[in-house]
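In our numbering, the protein residues as written are 1 to 300.
Glycine residues also receive a C-beta, built at the ideal position from the N, C-alpha and C atoms.
The structure under discussion appears below in the form of C-alpha coordinates.
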Amino acid sequence: MAAPFQDCIVLFGDSLTSRQEVPGSLQALFNANYRRTLDVLNRGYGGYTTEWLRPVFERTFARKEDAAAVPAVRLVTIWLGANDAVVPGASTNQHVPLPTYVAHLRHFLEQLTSASSPLAAAHTAGLNIVLATPPPVYRGMMGGGEFAAQREPEVTAAYAQAVRELVDEFKAKQGESEQVKQGESEQAKQAKQGEEDDGAQGDWRIGLVDMWNGIYEAAGLRSGTEGPDLEPFFNDGLHLTTAGYAVFWAQYTRLLETDFRGRGLNYADLADLPMRVPDVSEVTDAQSVIDKLRLPAIRQ
(Lines of atoms letter the chains of each structure in order from A and count residues from 1; the text may use other names and numbers.)
(Lines give C-alpha, C1' and ligand atoms only; values in the text may rest on other atoms or scores of the structure.)
Protein backbone atom coordinates (compact mmCIF):
# COMPACT_ATOMS: atom_id res chain seq x y z
CA MET A 1 0.00 0.00 0.00
CA ALA A 2 1.22 3.51 -0.81
CA ALA A 3 1.98 5.79 2.12
CA PRO A 4 -0.60 8.49 2.98
CA PHE A 5 1.52 11.18 1.34
CA GLN A 6 -0.92 12.82 -1.08
CA ASP A 7 -4.62 13.54 -0.48
CA CYS A 8 -7.14 11.92 -2.79
CA ILE A 9 -10.41 12.16 -4.69
CA VAL A 10 -12.91 9.27 -4.73
CA LEU A 11 -15.21 8.94 -7.76
CA PHE A 12 -18.10 6.74 -6.63
CA GLY A 13 -20.81 5.58 -8.99
CA ASP A 14 -21.86 3.29 -11.83
CA SER A 15 -20.63 2.94 -15.43
CA LEU A 16 -20.89 6.69 -16.02
CA THR A 17 -18.06 6.94 -13.49
CA SER A 18 -16.15 3.76 -14.33
CA ARG A 19 -15.88 4.09 -18.12
CA GLN A 20 -12.45 5.14 -19.33
CA GLU A 21 -12.53 4.23 -23.03
CA VAL A 22 -14.25 7.53 -23.91
CA PRO A 23 -11.85 10.43 -24.53
CA GLY A 24 -12.44 13.05 -21.87
CA SER A 25 -14.19 10.62 -19.52
CA LEU A 26 -14.76 11.55 -15.88
CA GLN A 27 -11.61 9.67 -14.86
CA ALA A 28 -9.56 11.30 -17.62
CA LEU A 29 -10.71 14.81 -16.71
CA PHE A 30 -9.89 14.41 -13.04
CA ASN A 31 -6.55 12.71 -13.74
CA ALA A 32 -5.43 15.39 -16.17
CA ASN A 33 -6.37 18.32 -13.97
CA TYR A 34 -5.23 16.99 -10.58
CA ARG A 35 -1.86 15.63 -11.65
CA ARG A 36 0.67 16.06 -8.81
CA THR A 37 -1.91 17.54 -6.45
CA LEU A 38 -4.54 14.88 -5.64
CA ASP A 39 -4.69 11.16 -6.39
CA VAL A 40 -7.85 10.05 -8.19
CA LEU A 41 -9.46 6.76 -7.12
CA ASN A 42 -12.14 5.41 -9.45
CA ARG A 43 -14.79 3.43 -7.62
CA GLY A 44 -17.29 3.15 -10.45
CA TYR A 45 -19.15 -0.14 -10.96
CA GLY A 46 -20.96 -0.66 -14.25
CA GLY A 47 -24.61 -1.68 -13.92
CA TYR A 48 -24.74 -1.06 -10.17
CA THR A 49 -27.45 0.74 -8.21
CA THR A 50 -27.51 2.47 -4.83
CA GLU A 51 -28.98 -0.73 -3.39
CA TRP A 52 -26.08 -2.87 -4.55
CA LEU A 53 -23.46 -0.26 -3.72
CA ARG A 54 -24.55 0.40 -0.16
CA PRO A 55 -22.39 -2.43 1.28
CA VAL A 56 -19.54 -1.38 -1.02
CA PHE A 57 -19.65 2.24 0.14
CA GLU A 58 -18.64 1.47 3.71
CA ARG A 59 -15.78 -0.68 2.45
CA THR A 60 -14.55 2.06 0.13
CA PHE A 61 -13.63 4.48 2.91
CA ALA A 62 -11.23 3.86 5.78
CA ARG A 63 -12.42 3.81 9.38
CA LYS A 64 -11.70 6.75 11.63
CA GLU A 65 -9.21 4.78 13.72
CA ASP A 66 -7.17 4.02 10.58
CA ALA A 67 -6.98 7.63 9.37
CA ALA A 68 -3.27 8.05 10.03
CA ALA A 69 -2.42 5.16 7.71
CA VAL A 70 -4.45 6.23 4.65
CA PRO A 71 -4.62 9.29 2.38
CA ALA A 72 -7.05 12.02 3.40
CA VAL A 73 -10.14 12.18 1.19
CA ARG A 74 -10.67 15.73 -0.03
CA LEU A 75 -13.44 15.21 -2.61
CA VAL A 76 -16.08 12.54 -3.14
CA THR A 77 -18.30 12.48 -6.23
CA ILE A 78 -21.46 10.38 -5.97
CA TRP A 79 -23.17 9.80 -9.32
CA LEU A 80 -25.91 7.19 -9.23
CA GLY A 81 -29.49 6.81 -10.42
CA ALA A 82 -29.27 5.90 -14.09
CA ASN A 83 -29.75 2.23 -13.17
CA ASP A 84 -31.96 2.77 -10.12
CA ALA A 85 -34.46 4.46 -12.46
CA VAL A 86 -34.89 1.39 -14.67
CA VAL A 87 -38.64 0.67 -14.78
CA PRO A 88 -40.03 -1.97 -12.38
CA GLY A 89 -40.11 -5.50 -13.76
CA ALA A 90 -37.14 -5.10 -16.10
CA SER A 91 -35.12 -8.29 -16.58
CA THR A 92 -31.99 -6.57 -15.23
CA ASN A 93 -33.58 -6.39 -11.76
CA GLN A 94 -32.01 -2.95 -11.31
CA HIS A 95 -35.08 -0.93 -10.33
CA VAL A 96 -34.78 0.75 -6.94
CA PRO A 97 -37.96 2.50 -5.74
CA LEU A 98 -37.51 6.26 -5.50
CA PRO A 99 -37.90 6.46 -1.67
CA THR A 100 -35.30 3.70 -1.27
CA TYR A 101 -32.95 5.44 -3.70
CA VAL A 102 -33.22 8.63 -1.64
CA ALA A 103 -32.65 6.70 1.59
CA HIS A 104 -29.47 5.14 0.23
CA LEU A 105 -28.08 8.47 -1.00
CA ARG A 106 -28.95 10.09 2.33
CA HIS A 107 -27.10 7.28 4.11
CA PHE A 108 -24.01 7.88 1.97
CA LEU A 109 -24.11 11.60 2.75
CA GLU A 110 -24.64 11.06 6.46
CA GLN A 111 -21.69 8.69 6.58
CA LEU A 112 -19.52 11.42 5.05
CA THR A 113 -20.79 14.33 7.16
CA SER A 114 -21.97 13.15 10.57
CA ALA A 115 -19.83 13.88 13.62
CA SER A 116 -20.66 10.35 14.79
CA SER A 117 -19.63 8.69 11.50
CA PRO A 118 -17.14 5.82 11.81
CA LEU A 119 -15.49 6.84 8.52
CA ALA A 120 -12.24 8.80 8.50
CA ALA A 121 -13.44 11.00 5.63
CA ALA A 122 -16.11 12.54 7.86
CA HIS A 123 -13.40 13.81 10.19
CA THR A 124 -11.05 15.25 7.57
CA ALA A 125 -10.60 19.01 7.33
CA GLY A 126 -11.82 20.33 4.02
CA LEU A 127 -14.00 17.46 2.74
CA ASN A 128 -16.09 18.32 -0.32
CA ILE A 129 -18.92 16.26 -1.81
CA VAL A 130 -20.43 16.42 -5.30
CA LEU A 131 -23.82 14.79 -5.77
CA ALA A 132 -24.72 14.41 -9.46
CA THR A 133 -28.11 13.76 -11.00
CA PRO A 134 -28.58 11.01 -13.56
CA PRO A 135 -28.43 12.38 -17.11
CA PRO A 136 -31.38 12.32 -19.51
CA VAL A 137 -32.10 9.21 -21.55
CA TYR A 138 -32.60 9.27 -25.30
CA ARG A 139 -34.49 6.20 -26.43
CA GLY A 140 -34.07 7.17 -30.07
CA MET A 141 -30.50 5.84 -29.88
CA MET A 142 -31.39 2.67 -27.96
CA GLY A 143 -33.04 0.68 -30.74
CA GLY A 144 -36.43 -0.92 -30.38
CA GLY A 145 -35.59 -3.70 -27.93
CA GLU A 146 -35.58 -4.20 -24.19
CA PHE A 147 -32.82 -1.65 -23.57
CA ALA A 148 -35.11 1.17 -24.70
CA ALA A 149 -38.15 -0.28 -22.92
CA GLN A 150 -36.29 -0.30 -19.58
CA ARG A 151 -36.10 3.48 -19.30
CA GLU A 152 -38.61 6.31 -19.39
CA PRO A 153 -37.55 9.98 -19.30
CA GLU A 154 -40.24 11.01 -16.83
CA VAL A 155 -39.11 8.32 -14.40
CA THR A 156 -35.45 9.31 -14.57
CA ALA A 157 -36.53 12.96 -14.16
CA ALA A 158 -38.02 12.13 -10.76
CA TYR A 159 -34.73 10.59 -9.62
CA ALA A 160 -32.85 13.69 -10.81
CA GLN A 161 -35.22 15.92 -8.84
CA ALA A 162 -34.65 13.82 -5.73
CA VAL A 163 -30.91 14.48 -6.01
CA ARG A 164 -31.49 18.24 -6.21
CA GLU A 165 -33.66 18.12 -3.10
CA LEU A 166 -31.06 16.09 -1.20
CA VAL A 167 -28.37 18.64 -2.01
CA ASP A 168 -30.65 21.41 -0.72
CA GLU A 169 -31.31 19.38 2.43
CA PHE A 170 -27.63 18.88 3.16
CA LYS A 171 -26.73 22.46 2.28
CA ALA A 172 -29.11 23.49 5.05
CA LYS A 173 -27.33 21.12 7.43
CA GLN A 174 -24.01 22.48 6.26
CA GLY A 175 -25.21 25.98 7.14
CA GLU A 176 -26.51 24.88 10.54
CA SER A 177 -23.21 23.20 11.29
CA GLU A 178 -21.28 26.34 10.38
CA GLN A 179 -23.52 28.51 12.57
CA VAL A 180 -22.98 26.21 15.54
CA LYS A 181 -19.25 26.29 14.91
CA GLN A 182 -19.18 30.10 14.76
CA GLY A 183 -21.31 30.40 17.88
CA GLU A 184 -19.12 28.24 20.09
CA SER A 185 -17.23 29.90 22.91
CA GLU A 186 -13.47 29.65 22.87
CA GLN A 187 -13.62 27.46 25.97
CA ALA A 188 -16.01 25.06 24.22
CA LYS A 189 -13.78 24.91 21.17
CA GLN A 190 -10.77 24.03 23.31
CA ALA A 191 -12.76 21.32 25.09
CA LYS A 192 -13.85 19.81 21.78
CA GLN A 193 -10.29 19.69 20.48
CA GLY A 194 -9.56 17.03 23.04
CA GLU A 195 -12.44 14.95 21.73
CA GLU A 196 -11.92 15.34 17.98
CA ASP A 197 -8.91 14.20 16.01
CA ASP A 198 -8.68 17.39 13.99
CA GLY A 199 -11.68 19.53 14.90
CA ALA A 200 -13.02 18.98 11.37
CA GLN A 201 -16.65 18.10 12.12
CA GLY A 202 -18.86 20.51 10.21
CA ASP A 203 -16.02 21.51 7.88
CA TRP A 204 -17.60 19.89 4.82
CA ARG A 205 -19.31 21.32 1.77
CA ILE A 206 -21.70 19.83 -0.77
CA GLY A 207 -22.37 20.88 -4.35
CA LEU A 208 -24.70 19.78 -7.15
CA VAL A 209 -23.84 18.71 -10.68
CA ASP A 210 -27.17 18.71 -12.51
CA MET A 211 -26.55 16.47 -15.50
CA TRP A 212 -30.25 16.25 -16.32
CA ASN A 213 -30.78 19.97 -16.85
CA GLY A 214 -27.20 20.55 -17.95
CA ILE A 215 -27.43 18.28 -21.00
CA TYR A 216 -30.82 19.66 -21.97
CA GLU A 217 -29.47 23.20 -21.75
CA ALA A 218 -26.38 22.30 -23.79
CA ALA A 219 -28.63 20.66 -26.41
CA GLY A 220 -30.98 23.64 -26.50
CA LEU A 221 -33.98 21.49 -25.61
CA ARG A 222 -36.76 21.78 -23.08
CA SER A 223 -36.25 19.49 -20.10
CA GLY A 224 -37.81 16.05 -20.59
CA THR A 225 -38.05 16.15 -24.37
CA GLU A 226 -36.35 13.71 -26.71
CA GLY A 227 -34.82 14.54 -30.06
CA PRO A 228 -31.75 14.29 -32.28
CA ASP A 229 -30.17 17.32 -30.62
CA LEU A 230 -29.34 14.97 -27.74
CA GLU A 231 -27.25 12.67 -29.94
CA PRO A 232 -23.89 14.48 -29.51
CA PHE A 233 -23.99 13.77 -25.78
CA PHE A 234 -24.63 10.01 -25.91
CA ASN A 235 -23.20 6.99 -27.69
CA ASP A 236 -26.21 4.75 -27.00
CA GLY A 237 -28.85 6.99 -25.43
CA LEU A 238 -27.59 6.35 -21.89
CA HIS A 239 -23.78 6.40 -21.76
CA LEU A 240 -21.98 9.64 -22.41
CA THR A 241 -19.63 10.87 -25.11
CA THR A 242 -16.84 13.39 -24.67
CA ALA A 243 -19.44 16.16 -25.05
CA GLY A 244 -21.57 14.61 -22.32
CA TYR A 245 -18.69 14.49 -19.85
CA ALA A 246 -17.83 18.07 -20.77
CA VAL A 247 -21.20 19.11 -19.32
CA PHE A 248 -20.22 17.50 -16.01
CA TRP A 249 -16.85 19.23 -16.04
CA ALA A 250 -18.31 22.66 -16.82
CA GLN A 251 -20.62 22.40 -13.82
CA TYR A 252 -17.88 21.03 -11.58
CA THR A 253 -15.50 23.87 -12.44
CA ARG A 254 -18.24 26.37 -11.57
CA LEU A 255 -18.44 24.77 -8.14
CA LEU A 256 -14.74 25.51 -7.67
CA GLU A 257 -15.55 29.22 -7.93
CA THR A 258 -18.72 29.07 -5.83
CA ASP A 259 -19.54 26.38 -3.26
CA PHE A 260 -15.95 25.10 -3.09
CA ARG A 261 -14.13 28.40 -3.45
CA GLY A 262 -11.01 28.58 -1.27
CA ARG A 263 -11.25 24.92 -0.27
CA GLY A 264 -8.07 23.63 -1.87
CA LEU A 265 -9.63 22.14 -5.01
CA ASN A 266 -9.01 24.76 -7.68
CA TYR A 267 -6.45 23.05 -9.90
CA ALA A 268 -5.99 26.27 -11.89
CA ASP A 269 -4.86 28.22 -8.81
CA LEU A 270 -1.61 27.08 -7.20
CA ALA A 271 -2.30 29.35 -4.24
CA ASP A 272 -5.47 27.37 -3.53
CA LEU A 273 -4.13 23.93 -4.49
CA PRO A 274 -0.32 23.78 -4.60
CA MET A 275 1.61 20.85 -6.01
CA ARG A 276 2.37 18.41 -3.20
CA VAL A 277 5.98 18.04 -4.36
CA PRO A 278 7.68 21.22 -5.62
CA ASP A 279 8.30 21.87 -9.29
CA VAL A 280 11.81 20.92 -10.33
CA SER A 281 12.61 24.60 -10.93
CA GLU A 282 12.34 25.12 -7.16
CA VAL A 283 14.69 22.27 -6.24
CA THR A 284 18.29 22.99 -5.29
CA ASP A 285 19.09 19.83 -3.34
CA ALA A 286 17.35 16.90 -1.64
CA GLN A 287 16.58 18.89 1.51
CA SER A 288 14.88 21.61 -0.53
CA VAL A 289 12.34 19.03 -1.73
CA ILE A 290 11.40 18.24 1.88
CA ASP A 291 11.34 21.91 2.83
CA LYS A 292 8.92 22.75 0.01
CA LEU A 293 6.38 19.98 0.38
CA ARG A 294 2.98 21.67 0.40
CA LEU A 295 -0.63 21.15 1.38
CA PRO A 296 -3.57 23.54 0.78
CA ALA A 297 -4.21 26.07 3.53
CA ILE A 298 -7.41 24.27 4.50
CA ARG A 299 -5.35 21.17 5.34
CA GLN A 300 -2.65 22.90 7.41
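- The stretch 125 to 138 makes contact with the stretch 203 to 213: 3 or more CB pairs, one atom from each, lie closer than 8 Å.
- Ile-78 and Gly-13 have their alpha carbons spaced roughly 6 Å apart.
- Shown here, Ala-103 sits in a helix according to DSSP, grouped into three states.
- Beyond the five residues adjoining it in sequence on each side, Glu-152 comes within less than 7 Å, by CB distance, of Val-87 in the same chain, given in chain order.
- Here the C-alpha atom of Ala-162 lies approximately 18 Å from the C-alpha atom of Gln-94.
- For Tyr-216, the closest C-alpha among the options Gly-244, Leu-295 and Asp-236 is that of Gly-244.
- Non-local C-beta neighbours of Val-73 in its own chain, meaning closer than 8 Å and more than five positions away in sequence, comprise Asp-7, Cys-8, Ile-9, Val-10, Phe-61, Ala-120, Ala-121, Thr-124 and Leu-127, ordered along the chain.
- Contact annotation, Leu-16 with Val-137: C-beta distance approximately 12 Å; criterion of less than 8 Å not satisfied.
- When C-alpha distances from Phe-260 are compared across Pro-118, Asp-203, Asn-33 and Met-141, the shortest belongs to Asp-203.
- Bounds of any beta strand (DSSP E) do not take in Ala-219; it lies within the alpha helix (DSSP H) bounded by 211 to 219.
- Ser-281 is classed as exposed because its beta carbon has fewer than 16 other beta carbons within 10 Å across all chains shown.
- Where Thr-77 is concerned, the enclosing beta strand (DSSP E) starts and stops at 73 to 79.
- Looking at the DSSP output, Arg-63 bridges to Leu-119.
- The stretch 102 to 122 and the stretch 48 to 62 touch, with three or more beta-carbon pairs separated by less than 8 Å.
- For the pair Asp-168 and Val-283, the Cα-to-Cα distance works out to about 46 Å.
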